[in-house]
Amino acid sequence: MASDEYAKPLYDMHPQPLDRIRQVFFEFLSGWLGGPDLFVEKHGHPMLRKRHMPFPIDQDLRDQWMYCMNKTLDIEIDNPVLREGLRQSLAQLASHMINQH
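Following the working numbering, the numbering of the sequence shown begins with -9 at its first residue and continues without gaps.
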């Protein structure tokens, strides 16, 4: 995200450094993917849309986030069936976050 011009608007809206954001995202993904509910234990119910409401998220920002997620999936997930399943689930999640039309 930091080194990619396409994702710069997404990067710029996050507080720096990204260490805390990365940790919270890891905690969320742990529970979302069926592992320990680390996010819920620390922060309560995710209520993702409500938590993201202060940030203007439009289709372009959603697409930037998916661009980053797709790059990561392509690098990290070897199994094509798993990769595509995660891609579809993340795309639904990303679309749900849109709050600006």
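We put the beta carbon where it would ideally sit given N, CA and C, even for glycine.
Practice task
Grab me the residues of residue 32's own chain with a C-beta within less than 7 Å of its C-beta, minus the 5 sequence neighbours each way, in chain order.
Solution key: Contacts found: 17.
Exercise for the section: With a 10 Å radius around its C-beta and 16 neighbouring C-beta atoms as the bar for buried, classify residue 52 as buried or exposed. Expected result: Burial state of residue 52 is buried, judged by a 10 Å Cβ sphere holding 16 or more other Cβ atoms.
Handout entry: Exposed unless 16 or more other CB atoms sit within 10 angstroms - verdict on residue 15
Key = It is exposed - the Cβ of residue 15 has fewer than 16 other Cβ atoms within 10 Å.
Exercise for the section: Assign residue 65 to buried or exposed, taking buried as 16 or more other Cβ atoms, counted over all protein chains shown, within 10 Å of its Cβ. Expected result: Around the beta carbon of residue 65, fewer than 16 other beta carbons sit within 10 angstroms, so the residue counts as exposed.
Handout entry: Pair within 9 Å by beta-carbon distance, residue 1 and residue -6
Key = Against a cut-off of 9 Å, the Cβ pair of residue -6 and residue 1 comes out as a contact.
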